[in-house]
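Notes follow the structure.
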């Protein structure tokens, strides 16, 4: 746990590390023969997870270069929201299916950030940055 264990600990320590945002980027390679089943499981998890309290974004996408590679982008308001996600029945069911649908190892990159910037822009605005 990255935050304080108690309010008392926070008061006496002068503060605790509680990131404003937690981001997970996970990559899995699907077994080709199980791709259809895997995509159904992934879509069900994505739909449920996106609606969870504390979830900012929960996206699953296939790799442009290899449709058997799926990448998850998960953004949570805080560590507690991410932990609640991993304690859900839907997450548990998905993890239990991994040996059947995944080939090889799973990679997760986890980022804790206090300062996160968000930008939206048009294609024309992107072109202007080249000047």
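Numbering (the working numbering), first residue to last: 2 to 132. Quick reminder that beta carbons are idealized off the backbone N, C-alpha and C, glycines included.
Cβ neighbours of residue 108 in the same chain (closer than 6 Å, five flanking residues each side left out): By 1-based counting over the chain shown, the position of residue 108 is 107. Cβ within range, chain order: 28.
N-terminal and C-terminal residue of the alpha helix (DSSP H) that residue 45 is part of: Position 44 of the chain shown, counted from the first residue, corresponds to residue 45. Annotation for residue 45: the continuous alpha helix (DSSP H) segment containing it runs 36-51.
Through-space distance from residue 97 to residue 11, alpha-carbon basis: The residue you call residue 11 lines up with position 10 of the chain shown. The residue you call residue 97 lines up with position 96 of the chain shown. Residue confidence for residue 11 is low, a pLDDT of 40 falling below 50, so the modelled location carries little weight and cannot support an answer.
Whole-angstrom distance between residue 57 and residue 78, CA atom to CA atom: Residue 78 sits at position 77 when you count from the first residue of the chain shown. Residue 57 sits at position 56 when you count from the first residue of the chain shown. So the two alpha carbons sit approximately 6 Å from each other.
Within 8 Å, strictly: CB atoms of residue 102 and residue 42: Along the chain shown, read from residue 1 onward, the residue named residue 102 stands at position 101. Along the chain shown, read from residue 1 onward, the residue named residue 42 stands at position 41. Less than 8 Å divides the Cβ of residue 102 from the Cβ of residue 42.
The alpha helix (DSSP H) enclosing residue 83, as first and last residue numbers: Sequence index remark: in the chain shown, residue 83 carries index 82 (1-based). Its alpha helix (DSSP H) spans residues 80-87.
Under the three-state DSSP convention, the category residue 131 falls into: As a working mapping, residue 131 is identified with position 130 in the chain shown. Residue state for residue 131 is assigned as coil, using DSSP reduced to three classes.
Nearest to residue 52 (by Cα), restricted to the options 120, 71 and 75: The residue given as residue 52 occupies position 51 in the chain shown. For residue 52, the nearest C-alpha among the options comes from 75.
Residue 91 versus residue 54 - alpha carbon distance: To locate residue 91, count along the chain shown from 1; it is residue 90. To locate residue 54, count along the chain shown from 1; it is residue 53. Looking at the two C-alpha atoms, the distance is approximately 14 Å.
DSSP state of residue 96 mapped onto helix, strand, coil: By 1-based counting over the chain shown, the position of residue 96 is 95. In the structure shown, residue 96 sits in a helix (DSSP, three-state: H, G or I).
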